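Chemist:
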Amino acid sequence: MFEPVDRLGIPLGPGQPTALLHALGKRTDWEDFHVFGALLVDLFPLFAREGVHLRSGFFGPAERALRAAGHAVEFVPADFRRFEEIAHRFGARVVATAAAPPDTEGRLSLSLHAGATVSEIRRAGRDPSRLLIVETSPGYPRTLGLSPEHPHSIPLDEVDVWIEGDADPIELPDVPAGGIEQAIAANLAPFIRPGATLQTGIGGVPNAVVELLAHGRDGDYGIHSEMFTTGLMRLHEAGKVTNRKGIYDGVSITTFAMGSRELYDWLDERECVRFLPVDIVNDPAVISRNRQMVSINGALSIDLFGQVVADSIDGIQHSGIGGHEDFLAGAGRTAAGRSLICLPSMAKVAGQDRSRIVDRLGPGSLVTSPRHQVDVVVTEHGIAELAGRTVGERARALAGIAHPDVRESLFESAHTISKRGGLGSGRRPFHA
């Protein structure tokens, strides 16, 4: 089935066929086996084998551990929506995915992941020179797409190899929100008005935001989010989601889901959540058509010019670009849309406190989002609205929300930036 020299394409995260990948790790005769995927959900021994090369579009703990151990793991820089094109160019002879068991019509729901592999799954299933492997398990929910164009399922008769397994999808525990995350959430909450359409990710800040919204007085929200989380389920359960968005009305739109077992059980046959390919969900032109689009994303650091580092630390790959840039661009295409970059003002690096807001990014830093894309930056100390501001105004606004221990030195740097921009010598933050 697999040759020692071969190519395999797998989905991101929850779409990965775990039993197959573990089985492939038992082979020792690989010569030049290349795999394209993203965000491994387990430390599969396959990727520690000699002759095996992983090309990953998003690093998680498994990729970082494999890289640290010296194995052949390399990062492929790209927005998530471009993965479809990259997967096509990669030209995998074998494509493999996880799915829910067949329904009464003999169709396999792609369950927790549509992402960038839907078109490659279909191509492999219809091409006699390629191989489509589908691993099913009753632990995977049967989720829905938007038929007829995007059914989020494939017919069993297009599958070359069907593996009946019993694996459960990986669970992603909620990150509890501490005091800093709650303060950030409180600062950004005024940007989420009744009727807003939301995109959130994972972590303490998104969890704190969703909790605020779920217990608040407002509602009438829509969901258009690359990732569907346990928190977004809670917002549905609180009766706050109406999905009167102006596009795909009546349903929450996503391209993959990760969260608790409770989330996966809730998603099973859930009519109000629909999975679409990532090149649609993360298309800035589609994102911008949503009513009052608000995107909430994180960052690792930002300089006074507004350049954002969100996927690397000191020039070393840590995670991935994902939908970061897609949603910044999409939310920024309309006057009513807002994109919020959220980060604590300080981080612990090698036991030392380090400001996440810096005067200039260090040598070798890798910019995730350029300064002209950034709208609003939020820390526990306040908000800095950057869109439409001058270089000097932006620098002063960012210095004003930095940690108090470094704020004065950042104001001095902002003053220098302002002078070079011909804006005078004001040293206090710009206020709207």
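Counting in our numbering, the final residue of the sequence shown is number 451, and the numbers go up one at a time with none missing.
All C-beta atoms in this analysis are idealised placements derived from N, C-alpha and C, irrespective of residue type, glycine included.
A quick note: this is a predicted structure, and the numbers were derived from the prediction, not measured.
Could you tell me whether the Cβ atoms of residue 399 and residue 202 are closer together than 9 Å?
Modeler: Yes, they are a contact pair.
Chemist: Would you mind giving the Cβ-Cβ distance between residue 242 and residue 231, rounded to the nearest angstrom? I have them listed as a contact below 8 Å.
Modeler: Incorrect: roughly 16 Å between the Cβ atoms, too far for contact.
Chemist: Which word fits residue 121, buried or exposed, when buried means at least 16 other C-beta atoms lie within 10 angstroms of its C-beta?
Modeler: Residue 121 comes out buried.
Chemist: Within the same chain, show all residues whose beta-carbon is closer than 7 Å to that of residue 70, passing over the 5 residues directly before and after it, in chain order.
Modeler: So the qualifying residues of the chain are 49, 50, 51 and 52.
Chemist: Three-state secondary structure (DSSP) at residue 45?
Modeler: Residue 45 falls in the coil class under three-state DSSP.
Chemist: Counting beta carbon pairs with one atom in the region 265 to 276 and one in the region 140 to 151, are three or more of them shorter than 8 Å?
Modeler: At 8 Å Cβ cutoff, the stretches do not touch.
Chemist: Using C-beta distances below 6 Å, list every residue in its chain close to residue 413, excluding the 5 sequence neighbours before and after it, in chain order.
Modeler: The answer, listed in chain order, is 325 and 405.
Chemist: So residue 223 and residue 192 are supposed to be a Cβ contact under 8 Å. How far apart are they, rounded?
Modeler: That belief does not hold up - the Cβ atoms of residue 223 and residue 192 are roughly 12 Å apart, past 8 Å.
Chemist: Counting Cβ pairs closer than 8 Å, one from the region 309 to 320 and one from the region 278 to 289, do we hit at least three?
Modeler: No, they do not touch.
Chemist: Determine, using beta carbons only, whether residue 319 and residue 366 come nearer to each other than 9 Å.
Modeler: In this structure, residue 366 lies closer than 9 Å to residue 319 by Cβ.
Chemist: Looking at C-beta atoms only, is the number of pairs between the region 174 to 183 and the region 367 to 381 that lie closer than 8 Å three or more?
Modeler: Touching, no, given that fewer than three Cβ pairs across the two stretches are closer than 8 Å.
Chemist: Beta-carbon separation of residue 228 and residue 257 under 9 Å?
Modeler: Not a contact, by the Cβ cut-off of 9 Å.
Chemist: Give every residue of the same chain whose Cβ lies closer than 7 Å to the Cβ of residue 226, excluding the five residues on either side of it in the sequence, and list them in chain order.
Modeler: Excluding residues within five positions, the ones whose Cβ falls inside 7 Å are 193, 194, 196 and 250.
Chemist: Taking just the CA atoms, how far does residue 349 sit from residue 305?
Modeler: Rounded to the nearest angstrom, the two C-alpha atoms are 7 Å apart.
Chemist: Go to residue 223, then tell me how far its alpha helix (DSSP H) extends in each direction, as first and last residue.
Modeler: First-last of the alpha helix (DSSP H) with residue 223: 223 to 234.
Chemist: Using CA coordinates, which residue listed in 434, 401 and 209 is at the minimum distance from residue 423?
Modeler: The shortest Cα separation from residue 423 among 434, 401 and 209 belongs to 401.
Chemist: Quick one: Cα of residue 246 to Cα of residue 20, how far?
Modeler: Going from the Cα of residue 246 to the Cα of residue 20 covers about 33 Å.
Chemist: Quickly, what does DSSP pair residue 367 with across the bridge? List them, please.
Modeler: BP columns for residue 367 point to 372.
Chemist: Please work out which residues of its chain come closer than 6 Å, Cβ to Cβ, to residue 336, disregarding the five sequence neighbours upstream and downstream, and give them in chain order.
Modeler: For residue 336, where only same-chain residues beyond five positions count, the Cβ hits under 6 Å are 78 and 94.
Chemist: Excluding the five sequence neighbours on either side, which residues of its own chain have a C-beta within less than 7 Å of the C-beta of residue 106, listed in chain order?
Modeler: Within the same chain, residue 106 has close Cβ partners 28, 55, 135, 136 and 139.
Chemist: What residues in its chain sit with their C-beta under 6 Å from that of residue 26, if we drop five residues either side in the sequence?
Modeler: Only 53, 111 and 112 meet the Cβ criterion.
Chemist: Taking all protein chains shown into account, decide if residue 446 is buried (16 or more other Cβ within 10 angstroms of its Cβ) or exposed.
Modeler: Per-residue confidence for residue 446 stands at a pLDDT of 43, beneath the threshold of 50, marking its modelled position as unreliable; the derived number appears in the next sentence. It counts as exposed.
Chemist: Which first and last residues belong to the beta strand (DSSP E) in which residue 52 is found?
Modeler: Its beta strand (DSSP E) spans residues 51 to 57.
Chemist: Does DSSP classify residue 33 as helix, strand or coil?
Modeler: The answer is helix: DSSP assigns residue 33 an H, G or I state.
Chemist: Can you tell me the Cα-Cα spacing of residue 352 and residue 234, whole angstroms?
Modeler: So the two alpha carbons sit approximately 30 Å from each other.
Chemist: So who's on the other strand from residue 240, going by DSSP bridges?
Modeler: Looking at the DSSP assignment, residue 240 forms a beta bridge with 260.
Chemist: Residue 374: which of 347, 357 and 417 sits nearest, CA to CA?
Modeler: Per the Cα distances, 417.
Chemist: Within 10 angstroms of the Cβ of residue 200, are there 16 or more other Cβ atoms? Answer buried if so, exposed if not.
Modeler: Buried is the call here.
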